[in-house]
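In the UniProt record's numbering, the protein residues as written are 1 to 285.
Virtual Cβ for every residue (Gly too), placed ideally from N, Cα, C.
Source: prediction; values computed, not measured.
Here the structure comes first, spelled out in structure tokens, and everything after it is commentary.
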């Protein structure tokens, strides 16, 4: 039974899977009371996304693909890390670019990157990277919610206790407000952007070989090519994924708004006529 919508933020919005794992083995005799809370800033953000989507689609239609450069598979994979690659990393003194894989200039730089990945993300090898990225990625949440929207839920929501139910229902409500912009594509672009970006940093500092980088990222690129037709579609999925990530991980409305604005600004730059996405074709050679 839902109550007090948009009144108080419930605890535990960070890890929905943890909420499921901590649920009772059997449904409660009667449905628990729970609270659905989505901060008002999400409504403000969705209006901005609507305008952003309309604007980039109109510009893309007017501009067309004439003059855009063809890219090979390696460049395309690098381009998929659009937002992630723009973030500064100790040991990588400048933007890594999107034309080829970046390699640290020397061992001192490489060690600085490795230290950063260990200290901030608890990443020191491929396995630890996969564990960390599960927390950064958000499309698995969207697929759970999708199963409820489609009427074929992947688990019995009544198994959740009050805190877990509040977290789940609040997150599902937030995602539902973003769903009209992305549909079946969900937040997968955000996930791929983050995973490819992290793999690029790991390659740069020697934590991944080129062979392992290719092994990990080629399937991601194929998945994107199967589900997206343009950088504009990819950008909208990235932005909506960023908003949901912000909702799940940021404590205040102000920090959610600032995180949204930062990612929107990066995407606008990438899609501009001189931007990495704006000047390159979406389909690789």
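Residue i: first and last residue of the uninterrupted alpha helix (DSSP H) it sits in
i: residue 57; result: 41-63
i: residue 202; result: 188-204
i: residue 143; result: 139-149
i: residue 106; result: No alpha helix (DSSP H) holds residue 106; DSSP gives it neither H nor E.
i: residue 185; result: Looking at the DSSP string, residue 185 is not in any alpha helix (DSSP H), and its letter there is neither H nor E.
i: residue 252; result: Element bounds for residue 252: n/a, residue is neither H nor E.
i: residue 84; result: 82-85
For residue i, the three-state DSSP class (helix, strand or coil)
i: residue 34; result: strand
i: residue 69; result: strand
i: residue 92; result: strand
i: residue 234; result: helix
i: residue 221; result: helix
i: residue 124; result: coil
i: residue 275; result: coil
i: residue 228; result: coil
i: residue 98; result: coil
Per-residue burial, residue i [other beta carbons within 10 Å of its own, 16 or more giving buried]
i: residue 166; result: buried
i: residue 175; result: buried
i: residue 201; result: buried
i: residue 185; result: buried
i: residue 286; result: Nothing in the structure corresponds to residue 286, since the chain is present only between 1 and 285.
i: residue 154; result: exposed
i: residue 44; result: exposed
i: residue 134; result: exposed
i: residue 285; result: exposed
i: residue 82; result: buried
i: residue 66; result: exposed
Supposed close pair residue i, residue j - CB separation, criterion 8 Å
i: residue 214; j: residue 189; result: Actually they are not in contact, since the Cβ atoms of residue 214 and residue 189 sit about 20 Å apart, beyond 8 Å.
i: residue 71; j: residue 80; result: Contact flag wrong, Cβ pair sits at about 11 Å.
i: residue 260; j: residue 243; result: 6 Å
Bridge-paired residues (DSSP) for residue i
i: residue 280; result: 69
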